[in-house]
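Report on one structure; see the data block that follows.
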Amino acid sequence: FFMERKTHVKVNRKEVMLAKLRKKSCSCTPQKLKNFLMDFFPVLRWLPKYRCKEYIWGDVMSGLVIGIILVPQAIAYSLLAGLKPIYSLYTSFFANIIYFLMGTSRHVSVGIFSLISLMVGQVVDRELLLAGFDLNDDAPPASGDGSLQNDNLSNTTAFNLTVVGINAECGKECYAIGIATALTFMAGVYQVLMGIFRLGFVSIYLSESVLDGFATGASLTILTAQVKYLIGIKIPRSQGHGMLVITWINIFRNISQANLCDVITSAICIVVLVTAKELGDRYKHKLKFPLPTELVVIVVATLVSHYGKLNEVYASSVSGAIPTGFIPPKVPEFNLMLRVALDALPLAIVSFVFTVSLSEMFAKKYAYTIRANQEMFAVGFCNIIPSFFHSFATSAALAKTLVKTSTGCQTQISGVISAMVVLLVLLFLAPLFYSLQKCVLACIIIVSLRGALRKFRDVPARYYVNKVDTLVWVVTMSASALISTEIGLLVGIVFSMLCIIVRTQRPRTALLGQIQDTSFYEDDLEYENLSTVPKVKIFRFEAPLYYANRNYFLKSLYRLTNLDPNLEAARRKKYEKKEKQHLKKGNHRTANGLGIGETTLQLVPKQIDFQALVVDCSSISFLDTTGVNTLKEILKDYKNLNISVLLACCNPSVIDSLKRGGYFGKDFGCMQEMLFYSIHNAVLFAKDQK
């Protein structure tokens with residue numbers, strides 16, 4: 005039977021575009037302005053409907069818990085970014101406020117994130133090195149009164165940086181935060197532009213295996229960068245490719261200089277933190293909120309360090325003066341933006357992907373919807389606006405988001421509460437962390453990497469599920485750890501795409517047999533008790549047919565059917581030519597010494613055991629020009645051997661490509677004898693042929 009296709013009305017793209025432009029005219033009516041503001045600031049939609057009695061307790065509780073977790077993490081992650089702790093606190097404060105206004109997810113926690121801090125820190129270190137600064141951050145801390153002026157002017161060496169565009173004397177800390185804010189501003193601009201041009205689809209090229217491998221490789225880099233703080237040795241911060249290997253070489257070279265005080269402190273802190281985390285995971289169903297272990301460790305360690313004078317007596321490295329208040333806002337340097345414009349692109353993509361993927365995951369879990377494009381704007385402005393206030397790049401973080409949901413979070417009001425906790429530290433409590441040892445901060449960072457490092461335990465299960473995805477994970481993780489995070493991400497994306505290309509270049513092929521007493525057909529090598537259809541070969545190709553796999557298609561077809569029509573045709577022509585030559589000479593015996601009647605048997609080395617070839621096109625999603633020409637070629641070649649080629653289970657896209665390519669002839673008259681909607685119909689038609 006032949007199914008008639010529906011006639012689709014041709015869409016005039018020009019008219020559609022003009023209609024959209026007329027609909028989105030530039031006229032500004034009060035209603036349009038209201039809708040724009042409510043779309044751009046989703047808080048205006050949900051805040052008036054806020055159910056205070058139902059939501060407030062959960063939001064306040066989760067906000068306080070996240071705020072308590074944020075403070076020690078912000079101070080700790082400043083080590084990763086190569087910046088002073090005060091800038092991490094600024095970042096945590098502004099990100100929560102802006103996402104409260106612009107975000108569409110009710111649950112994600114946006115703020116400082118270890119991977120993003122690492123990427124920022126690598127750019128900051130590189131630019132500091134190029135500007136001539138010493139990357140050694142273990143100089144004695146300033147003994148000031150905690151004021152901003154003291155912190156900005158003390159313990160810095162002035163450099164005239166006109167060569168990089170800052171026409172003023174600027175110290176190491178000043179230049180470092182200048183680089184970080186310029187990088188953050190550019191990342192935010194990229195994210196906003198991606199939102200305007202709706203380029204969110206870029207995130208689809210970051211598969212789960214690539215993201216997991218990238219996170220694990222970056223975690224190894226983070227862990228390596230913290231080891232020197234754990235054992236209290238003073239080695240330069242490694243830069244460039246192979247940072248992980250170089251750092252470990254330097255660690256082992258200087259292991260004899262380890263500070264015993266830092267080693268003992270680190271061992272105690274790690275044991276306490278890991279034990280508390282494991283107990284928290286085991287009894288989380290009994291706990292109303294997570295134990296604030298990091299805060300307790302920081303408070304106790306600070307008190308011990310202060311009253312034990314660990315810095316003065318044992319030369320243990322401490323955080324130093326953390327100022328209170330806010331530094332006046334400053335526009336990021338344009339010349340520095342040009343230097344870091346390329347570095348900002350992977351930062352923007354990673355930040356956006358983590359934020360949107362977490363938002364979608366929790367929206368699905370709690371049955372509401374988010375707007376991915378608005379999330380792009382939200383995370384973009386979480387980078388652009390804070391960059392004027394000495395903050396660096398942010399993203400959503402899985403660990404804090406899980407804590408948020410487990411403590412009863414209902415809306416982003418919890419983010420405002422967390423910001424207030426950070427503000428309290430910024431205004432009053434920051435100087436109290438002066439004596440906090442850096443090895444304690446390193447312990448907090450390393451213990452927070454447990455989730456990413458546990459991915460190594462999942463490798464056997466991942467390998468069992470999908471070997472190719474495991475290979476992508478291993479390659480991405482190795483490149484991110486051994487080369488650099490940015491290169492690792494690029495390698496992961498390119499390698500995962502190559503895997504897809506290779507899998508379509510050499511897909512599975514099979515000859516099908518009939519399931520007994522049914523009209524269904526399956527792979528003869530995979531299933532038992534399949535019956536062969538007499539005089540019919542059924543070939544399945546499990547991939548699109550295009551220029552890259554054309555040769556593989558033909559080789560597989562010839563190998564499985566045990567017949568190359570080109571070779572067979574050439575052989576027949578060769579023997580026919582020899583036979584004619586012998587007949588002209590009047591010799592009734594052929595070149596093989598046989599009579600004319602016996603020649604036919606010699607022309608074919610083996611009996612061709614089929615008269616019809618059915619191509620199962622159910623797995624062929626599309627054809628390009630080369631694919632159409634390939635099918636036309638086998639149609640012609642097999643026809644020369646009196647073997648008919650029948651196509652089965654073609655989708656409409658493939659049928660249209662075949663029509664446009666002239667496969668069915670000019671008037672499609674033979675189409676009903678060449679195209680079938682099921683394999684069984686094609687087989688029945690082949691059996692009816694003479």
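Each residue of the sequence shown is one higher than the last, beginning at 5 in the working numbering.
Cβ coordinates follow ideal geometry from the N, Cα and C atoms, glycine included.
Spatial distance of residue i from residue j (CA atoms)
i      : j      : result
ALA325 : LYS313 : 15 Å
GLY329 : GLY204 : 37 Å
ILE659 : GLY666 : 11 Å
ILE239 : LYS38  : 57 Å
ASP628 : ALA552 : 10 Å
SER439 : LEU502 : 51 Å
ARG576 : ALA616 : 20 Å
ILE612 : SER682 : 25 Å
LEU349 : SER355 : 10 Å
ILE322 : VAL498 : The question names Ile, but residue 322 is Val in the sequence shown. The alpha-carbon atoms of VAL322 and VAL498 are separated by roughly 42 Å.
ALA305 : LEU93  : 20 Å
ASP641 : GLY455 : 59 Å
VAL478 : VAL469 : 15 Å
ARG286 : TYR209 : 36 Å
CYS273 : SER622 : 60 Å
VAL495 : THR480 : 6 Å
TYR523 : THR536 : Checking the displayed sequence, the identity of residue 523 turns out to be Ser instead of Tyr. If I take the Cα positions, the gap works out to 13 Å.
ASN685 : VAL476 : 42 Å
LYS589 : GLU583 : 10 Å
Residue i classed as buried or exposed, judged by whether at least 16 other C-beta atoms fall within 10 angstroms
i      : result
PHE680 : buried
TYR372 : exposed
GLN676 : exposed
TYR103 : buried
HIS12  : exposed
PRO332 : exposed
ALA652 : buried
PRO144 : Since pLDDT at PRO144 reaches only 44, below the 50 mark, its modelled position is unreliable, and the value read off the structure follows with that caveat. PRO144 comes out exposed.
ASN646 : exposed
ALA99  : buried
VAL20  : exposed
ASN570 : exposed
GLU101 : Looking at the sequence itself, residue 101 is Ile, so the reference to Glu does not match. Label assigned to ILE101: buried.
TYR91  : buried
ALA465 : exposed
ARG202 : exposed
ASN315 : buried
Contact under 8 Å by Cβ, residue i with residue j
i      : j      : result
LEU516 : GLU526 : yes
ARG507 : THR630 : no
CYS386 : SER66  : no
LEU549 : THR634 : yes
SER399 : ILE200 : no
LEU87  : ILE181 : yes
VAL540 : VAL649 : no
PRO76  : PHE189 : no
SER363 : SER109 : yes
ALA85  : VAL124 : yes
Terminal residues of the alpha helix (DSSP H) in which residue i lies
i      : result
VAL13  : Run containing VAL13: none; DSSP gives neither H nor E here.
ALA483 : 471–486
PHE557 : 554–565
VAL196 : 176–200
ASP527 : Element bounds for ASP527: not the alpha helix (DSSP H) but the beta strand (DSSP E), 525–527.
TYR579 : 569–588
PHE356 : 338–369
ASP660 : 656–664
GLN441 : Note, GLN441: premise wrong, no alpha helix (DSSP H); not H, not E.
TYR311 : 297–312
ASP692 : 683–692
ALA319 : Looking at the DSSP string, ALA319 is not in any alpha helix (DSSP H), and its letter there is neither H nor E.
Extent of the continuous beta strand (DSSP E) run through residue i
i      : result
THR513 : 513–519
ALA652 : 648–652
ILE542 : 539–545
VAL618 : 614–620
ASP266 : Looking at the DSSP string, ASP266 is not in any beta strand (DSSP E); the run it does join, the alpha helix (DSSP H), is 264–286.
Item to complete: Determine contact between the region 38–58 and the region 252–263, defined as no fewer than three beta-carbon pairs at a distance below 8 Å.
Response: Contact check between the region 38–58 and the region 252–263: fewer than three CB pairs, one atom from each, fall below 8 Å, which does not count as touching.
Discussion item. Could you check whether the region 54–64 touches the region 271–281, counting it as contact only if at least three pairs of C-beta atoms, one from each stretch, sit closer than 8 Å?
Written reply: no
Worksheet item: Does the count of Cβ pairs from the region 243–255 and the region 497–514 closer than 8 Å reach three?
Response: no
Discussion item. Under 8 Å, with one C-beta from each stretch per pair, do the region 365–381 and the region 212–228 reach the 3-pair mark?
Written reply: no
Discussion item. With a threshold of 8 Å, are at least 3 pairs of Cβ atoms found where one atom belongs to the region 62–79 and the other to the region 417–434?
Written reply: The region 62–79 and the region 417–434 touch, with no fewer than 3 CB-CB distances between them shorter than 8 Å.
Worksheet item: So, do the region 71–85 and the region 446–455 have three or more beta carbon pairs nearer to each other than 8 Å?
Response: With the cut-off at 8 Å, the region 71–85 and the region 446–455 touch.
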